[in-house]
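Numbered per the numbering used here, the sequence shown spans residues 40 to 375.
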Amino acid sequence: MGSEAVEIFFPSEEISNVHDDLHQSDHNKCCWFEEQIADYLNWSYALNSELHKGSSEYQDIALLDTKHFGKILVIDGKMQSAETDEFIYHECLIHPPLLCHPNPRTVFIMGGGEGSAAREALRHKNVERVIMCDIDKEVVDFCRKYLTVNQKAFNDRKLHLVINDAKAELESRKEKFDVIVGDLADPVEGGPCYQLYTKSFYESVLKPKLNDNGIFVTQAGPAGVLTHKEVFSSIYNTLKQVFKYVLAYTAHVPSFADTWGWVMASDQPFDLDAKQIDCMIEERIDGELLYLNGAFFISSTIMNKSVHLSLLNETHIYTEEDARFIHGHGKNACRA
40 MGSEAVEIFF
50 PSEEISNVHD
60 DLHQSDHNKC
70 CWFEEQIADY
80 LNWSYALNSE
90 LHKGSSEYQD
100 IALLDTKHFG
110 KILVIDGKMQ
120 SAETDEFIYH
130 ECLIHPPLLC
140 HPNPRTVFIM
150 GGGEGSAARE
160 ALRHKNVERV
170 IMCDIDKEVV
180 DFCRKYLTVN
190 QKAFNDRKLH
200 LVINDAKAEL
210 ESRKEKFDVI
220 VGDLADPVEG
230 GPCYQLYTKS
240 FYESVLKPKL
250 NDNGIFVTQA
260 GPAGVLTHKE
270 VFSSIYNTLK
280 QVFKYVLAYT
290 AHVPSFADTW
300 GWVMASDQPF
310 DLDAKQIDCM
320 IEERIDGELL
330 YLNGAFFISS
340 TIMNKSVHLS
350 LLNETHIYTE
360 EDARFIHGHG
370 KNACRA
């Protein structure tokens, strides 16, 4: 992640009137948060208010109330999730691997400090134990306090919260898991997370901690026509070097301003069809899913021609010495 603190800028010159401006509909008098997506491309959010700010040893944290996406969680200047559509990301991250597994009872989540991944995993009736391992206690405490949607999950007796580096935690544990989830920050240059996307990590640390029919899933960054070569195709190809069966799938996440990618991997084939998935959703999951169903999941594994060819022809493998990074994220600035 980047190191810039969250900044908010006001197009109005009358800073003293900022609190009045937050409640006016005039576009020019809104308070805005701006994230730099790439060179010459920024993504701006009109705000109602700044709810909370904090910082930790590792990163800056903010909870902002936006006019379009509701409450958004911002870490190191990069929007992590939005109240109105985070269910898309988290349903796609959690439910496909748990539904593809014949009987998932134990889940290990790398990262996931906001609690949404744990929330979705705990909805599965078969799941007996969810370990969420995040390195940053301040982020976890911040989310426990301010993200009310996940308070029930944080208080669930099945959830075991561990504050540690995910790599070190997996290495130290003797137990194995049915599903391991990578709910990690993007591999950003200068940040530590890219090491959890490398072949050596998957091969020597993660895979040995999966049960025989275990499944690994990771968020895999932007997967749009213009962005999928940043990290998505490399993560997919790296996992192909370690697991027999690797499946990529995508969905559009409006607050991310792009199509997003996830990759599942296992040594057992993924052979479910849409009707089977729908039946298992009804049988295994408490409550209604808002986004995912069998037909959509099957369709989400079909890439457009450009992305398909990139996945097919990708040769780059993540290593500690040769990693690809997402550049430009985690920055924000005042617009002139």
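Glycine included, each C-beta is placed from N, C-alpha and C at the ideal position.
Closest in C-alpha terms to glycine 221, from the list Ser338, Arg144, Gly263 and Ser155, comes Ser155. DSSP, read as helix, strand or coil, puts glutamate 73 in strand.
Of all C-beta pairs linking the region 75-86 to the region 172-187, fewer than three are shorter than 8 Å, placing the two stretches out of contact.
The three-state reading of DSSP puts methionine 118 in strand, counting E and B together.
Contact annotation: serine 273 and glutamate 353 have beta-carbon atoms nearer than 8 Å. Going by beta carbons, valine 281 and lysine 248 fall outside the 8 Å limit. Nearest C-alpha to alanine 157 among His140, Gly116, Leu286 and His129: His129.
Boundaries for alanine 262: no alpha helix (DSSP H) harbours it, and the DSSP string shows neither H nor E there. Only residues of its own chain outside the window of five on either side were considered, and among them Asp124 have a CB closer than 6 Å to the CB of proline 293, listed in chain order. Of the residues Thr277, Asn165, Gly300 and Glu73, the one whose Cα lies closest to the Cα of arginine 144 is Asn165.
Asparagine 276 carries a helical assignment under DSSP once its states are collapsed to helix, strand and coil. With contacts defined by Cβ atoms closer than 8 Å, isoleucine 320 and leucine 112 do not form a contacting pair. Bridge partners of serine 88 according to DSSP: Asp104. Under the three-state reduction of DSSP output, valine 178 falls in the helix class. Counted as a single uninterrupted DSSP element, the beta strand (DSSP E) harbouring serine 305 occupies residues 297-305. Rounded to whole angstroms, the separation of the alpha carbons of lysine 206 and serine 243 is 10 Å. Per DSSP, reduced to three states, the secondary structure at histidine 355 is coil, with no helix or strand assignment.
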